[in-house]
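Visitor: Shown below is the structure under consideration.
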Amino acid sequence: DTGVSQDPRHKITKRGQNVTFRCDPISEHNRLYWYRQTLGQGPEFLTYFQNEAQLEKSRLLSDRFSAERPKGSFSTLEIQRTEQGDSAMYLCASSLVPDTQYFGPGTRLTVL
Amino acid sequence: AQSVTQPDIHITVSEGASLELRCNYSYGATPYLFWYVQSPGQGLQLLLKYFSGDTLVQGIKGFEAEFKRSQSSFNLRKPSVHWSDAAEYFCAVGSMNRDDKIIFGKGTRLHILP
Numbered sequence: 004d005t006g007v008s009q010d011p012r013h014k015i016t017k018r019g020q021n022v023t024f025r026c027d028p029i030s031e032h033n034r035l036y037w038y039r040q041t042l043g044q045g046p047e048f049l050t051y052f053q054n055e056a057q058l059e060k061s062r063l064l065s066d067r068f069s070a071e072r073p074k075g076s077f078s079t080l081e082i083q084r085t086e087q088g089d090s091a092m093y094l095c096a097s098s099l100v101p102d103t104q105y106f107g108p109g110t111r112l113t114v115l
Numbered sequence: 118a119q120s121v122t123q124p125d126i127h128i129t130v131s132e133g134a135s136l137e138l139r140c141n142y143s144y145g146a147t148p149y150l151f152w153y154v155q156s157p158g159q160g161l162q163l164l165l166k167y168f169s170g171d172t173l174v175q176g177i178k179g180f181e182a183e184f185k186r187s188q189s190s191f192n193l194r195k196p197s198v199h200w201s202d203a204a205e206y207f208c209a210v211g212s213m214n215r216d217d218k219i220i221f222g223k224g225t226r227l228h229i230l231p
């Protein structure tokens with residue numbers, strides 16, 4: 004069990020640029036989740052996958068955000084035309100059963 | 118709508134003292150309840166969870182939590198804190214019915230005095 008990994012750990016970008024984050028879940032975990040955490044707040048749910056199917060998307064996930072999990076293993080979260088308000092920690096979690104989610108270290112995005 | 122309230126943004130206790138972090142939830146059915154801890158620059162680590170059964174739940178690192186349905190509370194406790202317990206603690210509620218979404222509180226930052 005190597006844990007959930009996320010890459011990159013930090014990303015600094017200029018407003019208007021596109022960014023992509025990657026999440027590698029614990030192997031054999033069929034559920035994968037993305038959350039966003041802003042300063043002073045708890046994580047907020049963005050979206051989740053069961054295998055390769057994206058089953059739910061939060062209203063927080065605007066049209067500029069897209070997530071994929073093409074083979075039911077790793078996932079990517081892309082933000083197009085980044086805005087300063089997108090600055091946050093993006094957390095990925097995975098689980099085998101619904102009751103326990105294991106979180107990765109997160110990707111901290113700073114939009115200048 | 119589901120929600121979680123952690124009324125204390127910051128709590129400071131002396132090392133060796135007891136700790137209680139408060140959590141109240143709002144949920145229409147039987148909730149699934151969690152406590153997570155987040156150290157600076159780290160992801161979230163699950164301390165304990167409650168699904169059903171015994172309302173006093175034991176977790177890792179000497180933490181425990183008690184589910185009180187009548188008070189809609191799930192407070193976290195530790196009899197004697199260590200300096201390494203300084204971190205941010207999040208209470209969370211989940212449904213595990215229609216979706217696997219977890220709703221988090223805003224967190225309580227714990228400071229430990231030497």
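Residue numbers (the numbering used here), protein chains in the order written: chain A, 4 to 115; chain B, 118 to 231.
Note that the Cβ used here is the ideal one computed from N, Cα and C, for glycine as well.
Is there contact between the segment 149-166 of chain B and the segment 97-109 of chain A, where contact requires at least three CB pairs shorter than 8 Å?
Guide: The segment 149-166 of chain B is in contact with the segment 97-109 of chain A.
Visitor: Check the Cβ of Gln175 of chain B against every Cβ in chain A and list those closer than 8 Å, keeping chain order.
Guide: For the purposes of this step, residue 175 of chain B is taken as the residue at position 58 of the second sequence. Neighbours of Gln175 of chain B on chain A: none; closest Cβ ~15 Å, over 8 Å.
Visitor: Between which two residues does the beta strand (DSSP E) carrying Gly211 of chain B extend?
Guide: The count along the second sequence starts at 1 and reaches residue 211 of chain B at position 94. Taken as a continuous stretch (DSSP letters only), the beta strand (DSSP E) holding Gly211 of chain B covers Ala204 to Gly211.
Visitor: Strictly under 8 Å for the Cβ-Cβ distance: is Tyr206 of chain B near chain A by that measure?
Guide: In the second sequence, residue 206 of chain B corresponds to position 89, counting from 1. Not closer than 8 Å to any Cβ of chain A, the Cβ of Tyr206 of chain B fails to qualify, so no.
Visitor: Helix, strand or coil: how does DSSP classify Ser97 of chain A here?
Guide: On the first sequence, residue 97 of chain A is found 94 positions in, with the first residue counted as 1. Correct three-state label for Ser97 of chain A: strand.
Visitor: For Gly171 of chain B and Ala182 of chain B, I'd like the C-alpha separation in whole angstroms.
Guide: In the second sequence, the residue the question calls residue 171 of chain B occupies position 54. In the second sequence, the residue the question calls residue 182 of chain B occupies position 65. According to the sequence provided, residue 171 of chain B is Asp. The question's Gly does not apply to it. Taking the straight line from one Cα to the other gives about 11 Å.
Visitor: Less than 8 Å separating the beta-carbons of Arg25 of chain A and Thr79 of chain A?
Guide: Mapped onto the first sequence, residue 25 of chain A falls at position 22. Mapped onto the first sequence, residue 79 of chain A falls at position 76. Yes. Within cutoff.
Visitor: Report the three-state DSSP secondary structure of Asp125 of chain B (helix, strand or coil).
Guide: Within the second sequence, numbered from 1, the residue matching residue 125 of chain B stands at position 8. Coil.
Visitor: Between which two residues does the beta strand (DSSP E) harbouring Phe48 of chain A extend?
Guide: Taking the first residue of the first sequence as 1, we reach residue 48 of chain A at position 45. Its beta strand (DSSP E) spans residues Glu47 to Gln53.
Visitor: Out of B:Phe184, B:Leu150, B:Ser197 and B:Val174, which has the shortest C-alpha to C-alpha gap to Lys218 of chain B?
Guide: Indexing the second sequence from 1 puts residue 218 of chain B at position 101. Of B:Phe184, B:Leu150, B:Ser197 and B:Val174, the residue nearest in Cα terms is B:Leu150.
Visitor: On the CB-based measure, 16 or more other CB atoms within 10 Å of its CB, does Lys74 of chain A come out buried or exposed?
Guide: Residue numbering aside, residue 74 of chain A sits at position 71 when the first sequence is read from its first letter. Result: exposed.
Visitor: Would you mind reading off the limits of the beta strand (DSSP E) that contains Ile219 of chain B?
Guide: Here residue 219 of chain B is taken as the residue at index 102 of the second sequence, counted from 1. Residues Ile219 to Phe221.
Visitor: Determine whether the beta carbon atoms of Arg67 of chain A and Glu55 of chain A lie at a separation below 8 Å.
Guide: Against the first sequence, residue 67 of chain A aligns to sequence position 64. Against the first sequence, residue 55 of chain A aligns to sequence position 52. Cβ distance not < 8 Å, so Arg67 of chain A and Glu55 of chain A don't count as in contact.
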